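Number of protein chains: 4
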Amino acid sequence: MARLAVGLIGLGRLGRVYARDLSTRIAQTRLAAVADTNAELARQVGAEFDVPRAYAAPDELLHDPAIDAVVIVSPTHTHRSLVMAALEAKKPTFCEKPPALLLAEAAAMAEAERRTGTFLQMGFMRRFDPGYAAAKTQIDDGRIGRPVVFKATSRDPFPPSLAYADPKSSGGIFIDMGIHDFDLARWFMGEVKSVQAVGGVLAHLELATVGDRDNAIAILTFADGRLGVVDLSRSGYYGYDITTELLGTEGTIRIGYLRETPMLVMTRNSVAHDTVPYFMERFERAYTLQLENFAENVLHGRPAPIAMRDGVEALRIGVAATRACDTGGCVDVHAIGAGPA
Amino acid sequence: MARLAVGLIGLGRLGRVYARDLSTRIAQTRLAAVADTNAELARQVGAEFDVPRAYAAPDELLHDPAIDAVVIVSPTHTHRSLVMAALEAKKPTFCEKPPALLLAEAAAMAEAERRTGTFLQMGFMRRFDPGYAAAKTQIDDGRIGRPVVFKATSRDPFPPSLAYADPKSSGGIFIDMGIHDFDLARWFMGEVKSVQAVGGVLAHLELATVGDRDNAIAILTFADGRLGVVDLSRSGYYGYDITTELLGTEGTIRIGYLRETPMLVMTRNSVAHDTVPYFMERFERAYTLQLENFAENVLHGRPAPIAMRDGVEALRIGVAATRACDTGGCVDVHAIGAGPA
Amino acid sequence: MARLAVGLIGLGRLGRVYARDLSTRIAQTRLAAVADTNAELARQVGAEFDVPRAYAAPDELLHDPAIDAVVIVSPTHTHRSLVMAALEAKKPTFCEKPPALLLAEAAAMAEAERRTGTFLQMGFMRRFDPGYAAAKTQIDDGRIGRPVVFKATSRDPFPPSLAYADPKSSGGIFIDMGIHDFDLARWFMGEVKSVQAVGGVLAHLELATVGDRDNAIAILTFADGRLGVVDLSRSGYYGYDITTELLGTEGTIRIGYLRETPMLVMTRNSVAHDTVPYFMERFERAYTLQLENFAENVLHGRPAPIAMRDGVEALRIGVAATRACDTGGCVDVHAIGAGPA
Amino acid sequence: MARLAVGLIGLGRLGRVYARDLSTRIAQTRLAAVADTNAELARQVGAEFDVPRAYAAPDELLHDPAIDAVVIVSPTHTHRSLVMAALEAKKPTFCEKPPALLLAEAAAMAEAERRTGTFLQMGFMRRFDPGYAAAKTQIDDGRIGRPVVFKATSRDPFPPSLAYADPKSSGGIFIDMGIHDFDLARWFMGEVKSVQAVGGVLAHLELATVGDRDNAIAILTFADGRLGVVDLSRSGYYGYDITTELLGTEGTIRIGYLRETPMLVMTRNSVAHDTVPYFMERFERAYTLQLENFAENVLHGRPAPIAMRDGVEALRIGVAATRACDTGGCVDVHAIGAGPA
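Below, the structure written as structure tokens:
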């Protein structure tokens with residue numbers, strides 16, 4: 000089978016990783032075009048990976064007949080217009096998380112997906128991590144009975160820049176960091192009914208100037224009464240720590256690890272090891288497997304395993320958690336409308 | 000220095016462990032009398048440990064001039080009258096947790112402590128566990144900077160009997176199980192301002208018949224805005240799991256372990272170990288150290304490191320969490336009065 | 000059943016632990032007499048544990064009709080005469096490891112055991128450690144198939160004093176440290192046919208002055224061709240580390256652990272925990288269980304699970320390993336006679 | 000800088016991994032030609048990776064002027080003639096381990112390296128594993144003082160085919176498996192003076208028919224008296240387990256791990272995780288980094304960090320260990336001549 004000719008839009012840090020994966024690591028794809036509004040960057044990355052075409056205008060890529068499918072990893076605020084244009088152009092599309100910061104925008108994309116019938120796959124890469132994938136299989140096989148409590152921890156080893164952390168661009172901690180955990184919550188457990196949350200600026204006081212929080216905790220009640228808790232931190236100084244636990248009626252599954260290098264240093268009264276530096280060290284393979292899955296779905300005409308609706312619903316929980324934290328109340332997730340979040 | 004002559008009231012499971020500790024494991028004490036309303040049990044335990052006196056009437060023990068100090072580990076509903084009688088009798092007293100199920104009762108004991116000036120020490124044994132004690136030392140030494148998030152998990156491997164779980168005698172999951180974690184929260188972090196909580200009957204459906212929950216999660220806001228979360232489970236099927244984590248501005252400390260026997264069994268594609276069976280396997284040494292500490296405090300005229308006020312405040316958080324879970328709201332801990340909980 | 004009246008001979012560090020265990024921790028025993036050639040020490044320990052009789056002459060203890068059984072934990076060079084006198088006095092006897100430094104002495108004790116028919120139990124406490132005991136059960140149950148390779152590591156966190164390390168009193172590293180591992184090798188696998196060994200003074204150069212080694216490795220061939228390896232170190236700076244592994248035809252079992260306090264300290268790029276300080280922290284419970292087992296065997300008329308022959312054979316391997324290391328050759332264990340080692 | 004045009008000889012399992020790495024994962028290389036005596040295989044692999052030239056005759060590749068450097072991963076018995084031809088053709092060359100099964104052949108290659116002055120790098124990929132590389136850095140930085148004992152364990156989860164295991168093609172367990180460990184021993188500690196060894200057919204009895212062993216242990220004495228031990232097993236049923244330990248005068252470093260997927264499954268009384276399936280899962284990155292290092296050395300005119308002499312010396316220890324195991328004696332490594340092993 001011929002390789003899928005993929006056009007990649009957005010060449011920031013993650014975009015360049017995707018460029019490498021699409022051009023060299025994924026047997027089912029070739030990188031047929033790249034686009035970035037930074038024309039020089041597009042040219043450079045194109046040259047690095049021998050890409051036939053490098054565009055400064057994403058729209059040109061979307062209408063390039065040599066392109067079979069599109070991967071969008073541009074800044075979040077551009078997702079809506081790019082995704083919608085891609086869907087209209089009938090290009091099977093992959094959209095990086097989060098879908099948008101505003102529920103209305105995400106909802107508009109989901110609506111366009113329905114209207115155009117074009118393939119659209121959301122990017123929640125954790126589902127492709129071998130640990131998470133194995134956990135899902137074990138749970139579906141009944142290994143821990145019925146999961147009744149979902150617990151998730153996400154910690155970044157250092158805070159983002161103020162420009163990045165600004166909730167106007169990041170969505171704030173519950174959306175920026177939490178959306179991965181809220182997606183996992185839905186994947187493992189189903190729909191969330193209500194959220195309560197607390198948060199604060201406790202370690203990186205400068206974050207207060209832009210209105211973000213550095214530590215936050217949300218408790219979830221699922222539609223059927225089961226329970227969840229997500230704690231988020233931008234001050235996991237020791238390293239990048241992503242841990243998830245499913246407590247079931249016959250056992251528990253825990254996913255996550257702290258050690259990067261397989262080495263123990265044992266000195267007087269101490270055994271020590273290093274930690275996972277950051278997300279790319281932890282999830283590099285998940286990112287690759289995610290795009291490989293996208294390519295296979297397109298090539299074989301399979302439905303998207305993660306649809307835009309999943310993006311909408313994970314975002315909705317993030318918006319609800321933010322509101323719960325702001326107000327101190329219990330927020331009904333489904334009362335969060337598609338209006339401005 | 001002569002050994003402290005201790006009178007022990009209450010000879011249930013934990014009482015008999017205390018009998019053994021006071022008579023054989025603690026160099027500073029001798030077990031001078033036991034009392035239990037079950038006269039035959041008192042006689043048997045007395046004989047087993049060569050105790051000079053065995054009473055069926057605790058009051059007689061309290062007024063026995065040969066007794067230097069009293070350890071009360073009788074059923075919770077008897078704590079108030081026994082503690083108050085002991086204080087009036089001027090016997091330095093140790094009271095097992097929880098102090099009471101009703102805040103008013105605990106408050107009355109604290110008031111009696113003040114009024115009589117008699118030494119009274121609350122039993123929260125986790126503070127004496129070598130892991131928790133080491134963590135406290137490290138944190139006080141600044142090893143992780145300022146702790147900003149408190150996380151605690153307590154899981155029992157199986158549910159209690161319905162008779163035990165009945166909130167009328169246990170106080171419900173937030174008090175019965177959570178009081179240890181709420182005490183740790185105060186010990187490590189300070190006073191709690193407000194609580195939000197969720198809970199349910201998810202694994203042991205029979206608990207619904209008595210009105211208890213088997214899984215519950217509470218999020219805490221401390222008085223100065225720092226954060227905490229406690230998750231409790233009566234369905235930790237794999238084993239007894241008590242884990243606590245302090246996330247600080249320069250590092251994190253985690254206390255807890257899963258493995259009981261130091262043995263790995265490695266078979267095809269699997270490495271496995273056993274788990275901690277239950278609380279006595281996990282905290283046997285903490286229980287002993289706690290009574291040893293009590294004895295030393297009495298012998299050396301030191302103040303109680305855990306006062307009845309600590310019992311009152313931990314109970315107050317448990318009551319607040321229960322109310323928060325019942326109502327779905329955010330409950331101000333200090334608005335919880337000393338009236339019927 | 001009445002408690003076994005035990006007489007304890009030898010009140011050094013381990014002797015005092017045994018005094019505590021026999022008088023307070025073991026339900027089946029009472030400490031009826033202590034003896035030490037240091038009369039003042041005997042008096043003090045006797046007073047501490049309310050022991051009826053304290054002797055400066057072990058022989059007097061051995062002939063005290065109030066004594067049901069004898070525990071000998073005096074210096075190694077005294078074992079032979081004390082054990083033989085105890086056997087002649089028809090006192091069931093427990094003898095701490097090693098039985099002797101000279102095979103001829105150990106053999107003489109074994110011969111006296113046969114001749115007198117008096118109960119004699121050797122002290123190899125690791126067999127009573129819950130980890131080792133669980134491993135034995137699993138292996139006997141076929142969990143790893145047939146064990147074919149035995150691996151053992153023993154490391155002390157610091158060297159002994161020169162006086163202690165002197166092979167004239169310690170036997171040298173293969174006997175002093177290795178005898179535990181050689182006993183385990185026999186327990187798990189059966190008789191050893193031949194030994195090859197290397198060793199050196201690599202870390203504590205002062206040990207060369209007395210002729211001991213600080214690091215040594217022995218490879219074992221069992222009688223049926225199966226294999227073993229034991230590595231010993233007096234320079235395990237990080238902590239006390241005792242690890243044993245059985246590699247079987249269907250799996251592997253590993254016994255041992257490094258962490259003492261259940262606490263992880265997670266600071267920038269590092270996760271660290273403490274280590275086991277020394278043998279008493281690691282094996283305290285094994286020591287107690289061992290004496291409890293001795294008492295039960297005597298009380299119930301059961302044969303000794305560890306006989307003097309086991310002491311002889313473990314010592315024989317230690318002697319063979321020492322000779323192999325001295326000569327660089329492969330030493331046939333059974334060619335090691337009972338003459339001077 | 001232009002990419003290094005690499006010609007790859009040998010397209011077995013590992014050869015195809017190298018084809019992928021050289022063509023897609025290593026920024027400094029392009030795969031300019033492949034060769035395999037199986038012409039169809041050469042054609043297929045060439046097509047898969049868009050390689051300009053595919054040869055059935057390795058010699059043609061060696062004389063192709065478009066080729067800058069050569070990677071040889073063909074069967075061991077072909078190494079000598081191919082390496083020597085490549086050196087004569089002045090192509091910088093990478094040779095997969097083992098260099099040869101006969102010391103004389105390896106010595107001939109080392110001699111050709113000296114004579115021709117052509118760059119030649121031996122493949123011992125473990126040195127490029129992040130764990131081993133980090134350990135080397137830590138040790139060189141003095142983190143554990145001076146390493147005095149080297150310990151290594153290598154276990155395969157299942158035996159090779161009889162055809163593969165036949166010592167005539169594999170060299171036997173001490174060469175086939177042990178050569179990696181012997182190379183590490185030299186890398187971390189220096190030259191080995193003498194070896195003693197034991198081995199047997201204990202688990203896979205069919206291996207006896209070809210004269211290989213499935214379990215073996217070698218003890219090493221280094222030239223300066225320091226010590227080492229290597230245990231090898233073809234019956235590590237639980238998984239692929241490569242563990243190395245350096246015991247130093249101030250601490251210890253341990254490299255290795257057992258868990259593949261970051262998931263714990265916790266069921267009644269059990270916590271379990273999976274294991275590393277086999278060498279490619281464990282060392283995939285090391286293989287890539289090794290070839291990347293080769294390319295950089297060639298491009299930048301750096302000397303080979305692992306020379307043919309390293310191959311010769313590691314092989315010499317393997318030959319000595321085999322002889323020691325065969326004879327039961329202590330074998331002087333440097334007395335092992337370059338004649339037929």
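Residue numbers (numbering that gives the first Met the number 0), protein chains in the order written: chain A, 0 to 340; chain B, 0 to 340; chain C, 0 to 340; chain D, 0 to 340. Quick reminder that beta carbons are idealized off the backbone N, C-alpha and C, glycines included. Remember, predicted model here, so these are calculated numbers, not experimental data.
Would residue i and residue j qualify as a contact pair, given that the criterion is a beta-carbon distance under 7 Å?
i: B:A99; j: B:R79; result: yes
i: C:L226; j: D:N296; result: no
i: A:L30; j: A:F48; result: yes
i: D:P51; j: D:A34; result: no
i: B:I172; j: B:L231; result: yes
When the Cα atoms are used, what is the spatial distance from residue i to residue j?
i: B:N292; j: B:A18; result: 16 Å
i: D:A85; j: D:A65; result: 14 Å
i: B:D155; j: A:M279; result: 37 Å
i: B:T208; j: C:P129; result: 40 Å
i: D:I335; j: D:A319; result: 6 Å
i: C:D240; j: D:L161; result: 39 Å
i: A:G238; j: B:L288; result: 35 Å
i: B:R284; j: B:L13; result: 13 Å
i: A:T92; j: A:G122; result: 10 Å
i: B:R42; j: B:A55; result: 9 Å
i: D:G224; j: C:K192; result: 27 Å
i: B:T248; j: A:S234; result: 7 Å
i: A:A114; j: A:K90; result: Inspection of the sequence shows that residue 114 of chain A is occupied by Arg rather than by Ala. Whole-angstrom Cα-Cα distance: 14 Å.
i: B:R322; j: A:A196; result: 17 Å
Using the beta-carbon count (16 or more within 10 Å), is residue i buried or exposed?
i: A:S153; result: buried
i: B:P74; result: exposed
i: C:H203; result: buried
So residue i contacts chain B; which residues on that side make the cut at Cβ distance below 9 Å?
i: C:P51; result: Ordered by position in chain B, no residue passes the 9 Å Cβ test against C:P51, which lies about 14 Å from the chain.
i: D:D273; result: N268, S269 and V270
Can you find a CB in chain A that lies within less than 7 Å of the CB of residue i?
i: D:M279; result: no
How would you list, in chain order, the residues of chain B whose beta-carbon sits under 8 Å from the beta-carbon of residue i?
i: C:A134; result: M262
i: C:Q27; result: Result: empty, since nearest Cβ-Cβ is about 13 Å, beyond 8 Å.
Is residue i a contact residue of the ligand MN, with contact defined as CB to any heavy atom under 6 Å?
i: B:G247; result: Ligands displayed in this structure: none; no statement on the ligand MN is therefore possible.
Taking only beta-carbon positions, decide if residue i is within less than 7 Å of chain B.
i: D:Y256; result: no
i: D:M121; result: no
i: A:G224; result: yes
Does the CB of residue i have a neighbour CB from chain D at under 7 Å?
i: C:R315; result: no
i: A:R253; result: yes
i: C:Q43; result: no
i: C:L201; result: yes
Since residue i meets chain C, which of its residues come closer than 9 Å, beta carbon to beta carbon?
i: D:V345; result: In the structure as shown, chain D starts at 0 and stops at 340, and residue 345 of chain D therefore has no counterpart that could be examined.
i: B:E249; result: T266 and R267
List, in chain order, every chain D residue whose beta-carbon is nearer than 9 Å to that of residue i.
i: C:K150; result: T152, I216 and D230
Within the 7 Å Cβ cut-off, does residue i reach chain C?
i: A:D155; result: no
At a CB-CB cut-off below 8 Å, which residues of chain D make contact with residue i?
i: B:Y239; result: Within 8 Å Cβ-Cβ: nothing; B:Y239 doesn't reach chain D, min ~11 Å.
Which bits of chain A does residue i rub up against, with CB to CB less than 8 Å?
i: B:C324; result: Residues of chain A passing the Cβ test: none, with the nearest at roughly 10 Å.
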